[in-house]
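Chains as they are written, first to last, in the UniProt record's numbering: chain A, 1 to 477; chain B, 1 to 477. What follows is a short report on a single structure.
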């Protein structure tokens, strides 16, 4: 199955001209209904054919008793039929000249049952003979807003250049939902499940050359084709940032991965080495994956490691310095030139203020941490910045909402105008005060709408930035 | 200054019978107003005396031109006067027989100015001569809801047994706010600032014996009195869980810490060793600190390391297994006895389902992950459990709100009824769908109101549980 078709071959998978759903269902709580709703809501522009022998219409669309009865050409078939019905469906796909069959259908090799694994292999062989490429089985398939494709009706409709490959379906949904809330606009997302025919390696090769794709994320438990995966990874990482979350690193995780997607998961150290050698950035959990994708998609790569840090009180300053230095940054002391600029505007601060800038000593001085951030970003003293919003400080003051919005608006303007990357830290909204929660959510949404990279803690911001600097240095070397 | 008074000496600090605020201000955006509001809102039961030579009333309370004019006895004075005015205030405290002077007043040694440092030392000597104990300077002081004390008007009024010592004021506010949202009810919280007289070591000795205190958290950058701190730590950790976040670990962090609270911060490894030898649990950042405090306060210590994990789809199962094993747990395969119970109710799952329990294979089987959690907690197969809510799965289904609330209600009941600790994982509400955000917030608040420990990721839950198991094993050894 290790084939590498020239890259345009998969274009039609992501932009089919027509889609049929085999096993389409009138039950609104079933995948056979969800796919139809999902594709309709994404505004799929071609014909959609529900296949259902017992219904005239499904989800408001005219249904057909069999794939063979569908009047026009079908590029992509999504299968929700049970496993034993798949061989017949493959035959129909062959007769109909279908190019891609996505098997949402599961209960194959991932169950650990030998008979189910044999059926899976038989399907692979027959589909290859008929020229039908298979995505899956046991995967949710395709989410590609620009192509009108989605695997769940409630997913966002924004279009962008962030691609994501995921062995796990629920993980794909989590990453899309959470990533979108943090400003990631997705392009091609594939939950390839058992990876029987179309492998993550082949998908990576395709995405490497895909002009729509600017950043690639991946979640793998194991890979069906190790060499192909490595080569795909290397090809992609040479052209754009590639971030991989490898799960199933431990004995227990590998055992669980085996029953999840029939993948043989390997050891942690081996995988870290392979990823590094291929030029990919490794994430150890979903939070890191998201932070790295946000950083890669929304921030320019910094030119160096000299970091300016502002905002938050004294405690946050100390914690920020720790986080920055532990992730490889140089917390360069405030240079003389900046100090003299401070002296002009707030003389009593000039010999006290440092980097990180402790917001609590600025009160009443005439200089805010935004003001200091602007001074520090001017000239060539720093390569990048982290700005802590320090929202808890505002909540202790009168007119908290107005002050917080004003400060964040100015920070967003500074970050957007700077040629250097500026990461914003705005904490998770952990408070019992519902007004404060709503306010922080509103402010975060505003940053995100303006394309600013927001992180929930300074440690997570510093980690992501540190890895991205490392990757940029490796690419330059 | 290394004195260890017998522990009852500090009782009056936390439960003063009367409080005066020197530097009380009619400006609602000033600390001299905040302290009065904060104490009033916490329902302080004794007299509160604003000291202000120019106003008749401050914050609705009768003001006095000088501490000497106050009619009754004053146990605690909170100072918001500028540094140069403190020596006179100390004299007044002596005359008036004041027991504790909390210096919110800053701009002493933390500025790096030699003259300011000399003034600080002179104040310490004179106060000692007069028998006035000093808290601070450069610290927000006391938050103790049961004693009617608080340093900010907007902090929660719940009373509980979680003590917290913090060198940083903004860090104390963040930990109180975030901790409270996660179910921590605080007892004695102290932001001791420069720790000139009352040191964290003395406070730890006091909290070790304090019957109100069940769990102790701490945030330190450096300590004014190393040996006293170590001894306090050891005394406290022998009696209750003590979690310490040491910041200023790096060169940059230490430099920043020095200007923040005049503390000499040391090296990371040395501190880790000292904390471990003293029996404390180390947190490396605020998230870890909160997770460990939540675990210590809301969960029983597990009897062993055999962990049951349920909920979420296949991807989450694999990630959960990784997180558990990487934090020292044994992800024990589903025992025969449980498998046979599954066979009775869902025969086709019996040979497929494992630990972690993949929620996505349960659909339509008649068994939910809650059902499996109950079966796994029965008998002696497991010592503790992590339950992933897997909220994203619900959002893809009809009646998501009802189903999610029902499942979480049942999970809360199982966790509350079990003699084994059950940690719940409910993700951060990262979605652009505001209804979903509100729903997750509501469900989380319900868990918290029922005393359940909720973590925002399975990695954070596993980390906290792993460290707490380790600490429990050390205490038993």
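Note that the Cβ used here is the ideal one computed from N, Cα and C, for glycine as well. Just so we're clear, the structure is a prediction, and the values are computed from it rather than from any experiment.
How about residue 325(A) and residue 250(B): are their beta carbons less than 8 Å apart?
yes
* Asked: Can you tell me where the beta strand (DSSP E) with residue 421(B) in it begins and where it stops?
  -> No beta strand (DSSP E) holds residue 421(B); DSSP gives it neither H nor E.
message = For residue 100(B), which residues in the same chain have their Cβ closer than 6 Å to its Cβ, ignoring the five residues on either side in sequence?
response = 13, 76, 133
query: Which residues, in order along the region 307-324 of chain B, keep a beta-carbon less than 7 Å from a beta-carbon of chain A?
result: 312, 313, 314, 315, 316, 317, 318, 319, 321, 322, 324
Measure the C-alpha to C-alpha separation of residue 443(B) and residue 382(B) and round it to an integer number of angstroms.
-> 27 Å
message = Taking DSSP's pairing of strands, which residues face residue 57(A) in a bridge?
response = 62(A)
Provide the residue(s) that pair with residue 166(B) in DSSP beta bridges, ordered along the chain.
-> 191(B), 219(B)
If I measure Cβ to Cβ from residue 11(A) and keep anything under 7 Å in the same chain, skipping five residues before and after, which residues do I get? none
Within the continuous beta strand (DSSP E) that includes residue 50(B), where are the two ends?
48-51
TODO: Check the DSSP bridge columns for residue 143(B) and list the partner residues they point to.
DONE: 189(B)
| message | I want to verify the contact list: residues of chain B whose CB lies under 8 Å from the CB of residue 154(A), in sequence order. | response | 395, 396, 433
- Query: Going along the chain, which residues of the region 351-366 of chain A sit with their C-beta nearer than 7 Å to a C-beta in chain B?
  - Reply: 352, 354, 356, 358, 360
Check: If you draw a straight line from the C-alpha of residue 147(B) to the C-alpha of residue 19(B), how long is it?
Finding: 11 Å
Give the DSSP bridge partners of residue 384(A), in chain order.
307(A)
### Query
Per DSSP, what kind of secondary structure is residue 246(B) in: helix, strand or coil?
strand
Practice problem: Work out the CA separation of residue 220(A) and residue 206(A) for me, nearest whole Å. | Solution: 17 Å
Output, in chain order, the set of chain A residues within a Cβ distance shorter than 8 Å of residue 248(B). 318, 321, 322
Exercise. Taking buried to mean at least 16 other C-beta atoms within 10 Å of its own C-beta, is residue 420(B) buried or exposed?
Worked result: buried
In the DSSP assignment, find the unbroken beta strand (DSSP E) run with residue 282(A) in it and report its ends.
281-283
Residue 329(B) by DSSP, collapsed to three states: which one? coil
- Query: What in chain B is Cβ-close to residue 177(A), meaning under 9 Å?
  - Reply: 392, 395, 430, 431, 432, 433, 436
- Message: When you compare the region 292-307 of chain A with the region 383-402 of chain A, are there three or more beta-carbon pairs, one atom per stretch, that lie closer than 8 Å?
- Response: yes
Rounding to the nearest angstrom, what Cα-Cα distance links residue 22(A) and residue 390(A) in this structure? 53 Å
Selected residue, minimal CA-CA separation from residue 316(B), among 316(A), 252(A), 229(A): 252(A)
**Item:** Nearest neighbour of residue 245(B), chosen from 234(B), 429(B), 218(B) [CA to CA]
**Value:** 218(B)
Using beta-carbon positions only, say whether residue 455(A) and residue 449(A) come within less than 8 Å of one another.
no
Given a threshold of 16 other Cβ atoms within 10 Å of its Cβ, counted over all protein chains shown, does residue 74(A) qualify as buried or as exposed? buried
When 31(B), 37(B), 347(B) are compared against residue 169(B), the one with the closest alpha-carbon
31(B)
To the nearest angstrom, how far is the alpha carbon of residue 173(B) from that of residue 392(A)?
7 Å
**OP:** Determine the extent of the beta strand (DSSP E) in which residue 22(B) is found, giving its start and end residues.
**Re:** 19-22
Proximal residues to residue 436(B) (C-beta, below 6 Å), its chain only, five neighbours per side dropped: 395
State the CB to CB distance for the pair residue 290(B) and residue 178(B), rounded to an integer number of angstroms; the pair is presumed to be in contact (CB under 8 Å). 6 Å
Checking contacts by CB at 8 Å: is residue 264(A) closer than that to chain B? Note that residue 264(A) has pLDDT 47, beneath the 50 cutoff, so the model's placement of it is unreliable and the number below is only indicative. Answer no: the Cβ-Cβ gap between residue 264(A) and chain B never drops below 8 Å.
Could you spell out the range, first to last residue, of the alpha helix (DSSP H) harbouring residue 434(A)?
434-449
If distances are taken between C-alpha atoms only, which option among 185(A), 229(A), 333(A), 201(A) comes closest to residue 256(B)? 333(A)
Pair every Cβ in the region 104-121 of chain B with every Cβ in the region 133-142 of chain B, then say whether three or more of these pairs are closer than 8 Å. yes
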